[in-house]
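J.:
Numbering (my numbering), first residue to last: 63 to 523.
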């Protein structure tokens, strides 16, 4: 399968199954749809009114070389042994999302957790439940050494002492069991202070800072319960923390909605404030919700991604450059094949833990009783749920089979698929459209960066 598209002046070919990317001239771009199935002579005939025959034949030699090298028109070899990959996966847990607080001091309008309550009651995780969660992770991690723990909510800083106590407990246990805990803190910033910052810089491998962009956008969607905005309170704290971490190992994370489809302005607003690690993600909501994205919004959203990608190319290797989470793509390395085929690991390698110690496939399933998998005392009691998630991959989803982005999104979000289609083996259409666009933009940025690097290297010589 070959996906071809034009973006920001580049003609791009993606050989889906090999992952090879080619930036080509107009002639080769126009030849690719015909050459494999129709052969050289028919391709010459079809393009004769646009290109000289000699040029077409010369370009065909280049195509043949790419074919011989396994970089063009390659076959999908993974479907034949996907079941082997699935069967070989051991039930190892590598990461937990600890719902340290089912409570929040903001009232974000788009919050899937209903002000932190997750369809239930307000609660804070006790130290005892948190300890059991870390013990469960260690006991079920097999030979895996690096373990991930995300302190999540609600708002984790509303239960800050327990966060600190659990980090201390984790540091004790990693020495005993030869493990390495990588802790992450996600916060809205309301309770962020110097003491929290100092502790986070010492103990947290990553910090996620929730801010939506421009003041008017942020304050509309992320107010306090009295309706007052939170932007002016959290922004200075976030800037200070980002600088204290040398603009690394954190990211500001926002959400764009139907109210700010011009979200590239929010991304650039954050970048111009000095943030270097940025994620602004599309809201997920049903069409009944006024802020939810609809299919008719997609052309404008696509244009915003194009605008943002072009601006990132302009800023490349300047003091104004930044990373945008959804455009980060590793064309030479990246996740292993198993991960590319099966995704984030929800329900198998990654689980969410409620304040009461209940286990769910991920934070977005919390409160959905049919996905209650067990608890930290008894472990996973619903192994059938784990098996369902284990067998979820790009080949179990019909929509993924012929999608050029399948090895980059790995089948998309299981929670979104279930919420919109009632099955984790489906795919949420709007997310699919957005993912395809983001992959195209990300590859274009890589191509443009490579071109700029080549020019710079030539000038240095």
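In this text, a Cβ means the ideal position worked out from N, Cα and C, and glycines have one as well.
List, from N- to C-terminal side, the beta strand (DSSP E) runs of 3 residues or more that fit wholly inside the stretch 415 to 444.
T.: Listed in chain order, the complete beta strand (DSSP E) runs (minimum 3 residues) inside the stretch 415 to 444 are 420 to 422.
J.: Can you give the Cα-Cα distance for residue 486 and residue 454, rounded to whole angstroms?
T.: Spanning the two alpha carbons is a distance of roughly 7 Å.
J.: Would you check if there are 3 or more beta carbon pairs closer than 8 Å linking the stretch 367 to 377 to the stretch 501 to 521?
T.: Touching, yes, given that three or more Cβ pairs across the two stretches are closer than 8 Å.
J.: Using 8 Å as the threshold, is the stretch 133 to 150 in touch with the stretch 236 to 244, meaning 3 or more CB pairs across them?
T.: Taking 8 Å as the limit for Cβ pairs, the verdict is that the stretch 236 to 244 does not touch the stretch 133 to 150.
J.: Could you check if residue 238 is buried or exposed, using at least 16 other CB atoms within 10 Å of its CB as the buried criterion?
T.: Classification for residue 238: exposed.
J.: What are the complete alpha helix (DSSP H) segments, minimum 4 residues, inside the stretch 362 to 390?
T.: Fully enclosed alpha helix (DSSP H) runs of 4 or longer: not present.
J.: Report the partner residues of residue 210 according to the DSSP bridge assignment.
T.: DSSP output for residue 210 lists 157 and 244 as bridge partner(s).
J.: Does the separation of the CB atoms of residue 493 and residue 473 fall below 7 Å?
T.: No, they are not a contact pair.
J.: Closest to residue 531 by C-alpha separation, out of 416, 437, 410 and 401, would be which residue?
T.: Coverage of the chain is limited to positions 63 through 523, which leaves residue 531 absent and any answer about it impossible.
J.: Applying the criterion that 16 or more other CB atoms from any shown protein chain within 10 Å of the CB defines a buried residue, is residue 258 buried or exposed?
T.: Under this definition residue 258 is a buried residue.
J.: Taking residue 118 as the reference, give the member of 128, 129 and 105 with the closest Cα.
T.: Taking only the C-alpha atoms, the option nearest residue 118 is 105.
J.: Our contact map puts residue 363 next to residue 339 with C-beta atoms below 8 Å; I'd like the distance itself, whole angstroms only.
T.: Contact flag wrong, Cβ pair sits at about 22 Å.
J.: Out of 219, 465 and 270, state which residue places its alpha-carbon closest to the alpha-carbon of residue 76.
T.: Considering only alpha carbons, the answer is 465.
J.: In angstroms with no decimal places, state the Cα-to-Cα distance between residue 68 and residue 347.
T.: So the alpha carbons of these two residues sit roughly 31 Å apart.
J.: If you run the structure through DSSP and keep just helix, strand and coil, what is residue 336?
T.: Residue 336: coil per DSSP, three-state reduction.
J.: Tell me which residues share the same chain as residue 480 and place their Cβ nearer than 6 Å to its Cβ, disregarding the 5 neighbours each side in the sequence.
T.: Same-chain partners within the cutoff: 486.
J.: Can you list, in chain order, the residues of its chain with a C-beta nearer than 6 Å to that of residue 90? Leave out the 5 residues immediately preceding and following it.
T.: Within the same chain, residue 90 has close Cβ partners 121.
J.: Given a threshold of 16 other Cβ atoms within 10 Å of its Cβ, counted over all protein chains shown, does residue 145 qualify as buried or as exposed?
T.: Exposed: under 16 other Cβ atoms inside 10 Å.
J.: Is the beta carbon of residue 342 sitting closer than 7 Å to the one on residue 329?
T.: Contact: yes.
J.: What is the DSSP secondary structure of residue 142, counted as helix, strand or coil?
T.: Correct three-state label for residue 142: helix.
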